[in-house]
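According to my numbering, the sequence shown is numbered sequentially starting from 77.
Working notes, structure below.
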Amino acid sequence: MTRGFLIVDKPQGATSSQVVSRVRKATGVKKVGHAGTLDPMATGVLVLAVGKVTRLIRYIQDLPKEYFATAQFGVATDTLDADGAVLTREPMDLELEELEAVAQRFVGNIRQVPPMVSALKHQGRRLYELAREGEVVEREARPVVVHELEMLSAGPGPYPEVEFRVVCGKGTYVRSLADDMAGVLGGAAHLTALRRTRIGSLSATDSLDLDELDRWADHLLTPCQALTDMPTVEVASETAAGVRHGMRFVGAEMAGAPEDAPYKVVNGDGDLLAVYRRVGEQARPEVVLAG
Numbered sequence: 077m078t079r080g081f082l083i084v085d086k087p088q089g090a091t092s093s094q095v096v097s098r099v100r101k102a103t104g105v106k107k108v109g110h111a112g113t114l115d116p117m118a119t120g121v122l123v124l125a126v127g128k129v130t131r132l133i134r135y136i137q138d139l140p141k142e143y144f145a146t147a148q149f150g151v152a153t154d155t156l157d158a159d160g161a162v163l164t165r166e167p168m169d170l171e172l173e174e175l176e177a178v179a180q181r182f183v184g185n186i187r188q189v190p191p192m193v194s195a196l197k198h199q200g201r202r203l204y205e206l207a208r209e210g211e212v213v214e215r216e217a218r219p220v221v222v223h224e225l226e227m228l229s230a231g232p233g234p235y236p237e238v239e240f241r242v243v244c245g246k247g248t249y250v251r252s253l254a255d256d257m258a259g260v261l262g263g264a265a266h267l268t269a270l271r272r273t274r275i276g277s278l279s280a281t282d283s284l285d286l287d288e289l290d291r292w293a294d295h296l297l298t299p300c301q302a303l304t305d306m307p308t309v310e311v312a313s314e315t316a317a318g319v320r321h322g323m324r325f326v327g328a329e330m331a332g333a334p335e336d337a338p339y340k341v342v343n344g345d346g347d348l349l350a351v352y353r354r355v356g357e358q359a360r361p362e363v364v365l366a367g
């Protein structure tokens, strides 16, 4: 039974759904899902779950993500990226130092208005579907977390190309982040390039190109390897039997478990049995892997 995770380096122009289809064809496994969409323009890390481990995707989706981005300041598009139509062009004379000062305002817990081209729903329809029809609707600002925001360079000219690195939490839109920073400086911006280099500890350096999918089996990560950022509790064989049946535990069986956070439960061979969470003194299963 094939199950595990693949890290694919998504090329520019491909959709995340197309990558899923290619992995299904290569592995012969119908049940494949990804941990966080990348837009067609974007490249980089796309983590895919193959087989019944798709139930574990949510734990990878919740991990911080690192991106390297390039934005053109002074030019606004209707999609906030280079695939959209240009709306306005207003020259912006920028210095890297002032960008660095502005960037600090966007580190930490912030609120962000999702772009119209996002997959969020409004009255049952995806925002990007409405955007394609030329409709713009009011969107509420949502809380997101930006862990790190580093300005790398600012090019010359009236419409400078600005390069930056960001590490952010789930639900953060990098295109909106670029435009919001430009807005503080009295202008607008859109992304011209975006690359995701890692999700948690799952990095592009360990990824597989699409044209290398014939070697997918050599790159398949076990569930434990994919959840390497999650704390681990090893249990004895007697407790392992109960874990496989989704039992709850109180006391020493789950000694060392973090409180109110998911953690891996493994047997003596290091095989992932389940993901549990300790609430108070009780350890409760969230996902139990069968067989």
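Ideal Cβ positions, reconstructed from N, Cα and C, are used throughout, including at glycine.
By the C-beta density criterion, V355 is exposed, having fewer than 16 other C-beta atoms within 10 angstroms.
For T315, the enclosing alpha helix (DSSP H) begins and ends at S313 to R320. Of all C-beta pairs linking the segment 126 to 146 to the segment 163 to 175, fewer than three are shorter than 8 Å, placing the two stretches out of contact. Take R187, set aside five residues on each side of it, and the residues of its chain with a beta-carbon closer than 7 Å to its own are A217, R218 and P219, in chain order.
Contact annotation: A118 and H266 have beta-carbon atoms that are not nearer than 8 Å. Here Y135 carries a helix assignment [DSSP, helix/strand/coil].
The way I'd put it, the segment 258 to 278 doesn't touch the segment 92 to 110; fewer than three beta-carbon pairs between them come closer than 8 Å. The segment 94 to 106 and the segment 114 to 133 touch, with no fewer than 3 CB-CB distances between them shorter than 8 Å. Under the three-state reduction of DSSP output, Q180 falls in the helix class. Spatial neighbours of T153 in its own chain (CB-CB distance under 7 Å, excluding positions within 5 residues in sequence) are listed in chain order as G160, A161, V162, L163 and H266.
Ranked by Cα distance from A177, the first of E142, M330, M227 and A145 is M227. 8 Å or more divides the Cβ of T308 from the Cβ of Y352.
Ranked by Cα distance from P234, the options E171, F182, L286 and V189 are led by E171.
Your pair P191 and R274 does not check out as a contact, with CB atoms roughly 23 Å apart and the cut at 8 Å.
A Cβ-Cβ contact shorter than 8 Å links L284 with L82. DSSP links P219 through a beta bridge to R187. Judged by DSSP secondary structure, Q88 falls outside any beta strand (DSSP E); it is assigned neither H nor E. A straight line joining the alpha-carbon of V183 with that of H223 spans about 6 Å. Cα atoms of G318 and L132: separation of roughly 20 Å, rounded to the nearest angstrom. Taking every protein chain shown into account, the CB of M306 has 16 or more other CB atoms within 10 angstroms, so this residue is buried.
Beyond the five residues adjoining it in sequence on each side, E142 comes within less than 6 Å, by CB distance, of V243, T273 and R274 in the same chain, given in chain order. Apart from the 5 residues on each side of it in sequence, G322 sits with its Cβ closer than 7 Å to the Cβ of P361 and V364 in its chain, given in chain order.
Here P299 carries a helix assignment [DSSP, helix/strand/coil]. The beta carbons of A280 and D85 sit about 6 Å from each other, so the pair counts as a contact at 8 Å.
Taking the CA atoms as reference points, P236 sits about 27 Å from A90.
D287 has no beta-bridge partner at all, per DSSP. A Cβ-Cβ separation of about 10 Å leaves V105 out of contact with T130 under the 8 Å criterion.
Every unbroken stretch of the beta strand (DSSP E) spanning 3 or more residues and falling wholly within the segment 92 to 177 is given here in chain order: 108 to 110, 119 to 126, 141 to 149, 151 to 153 and 162 to 165.
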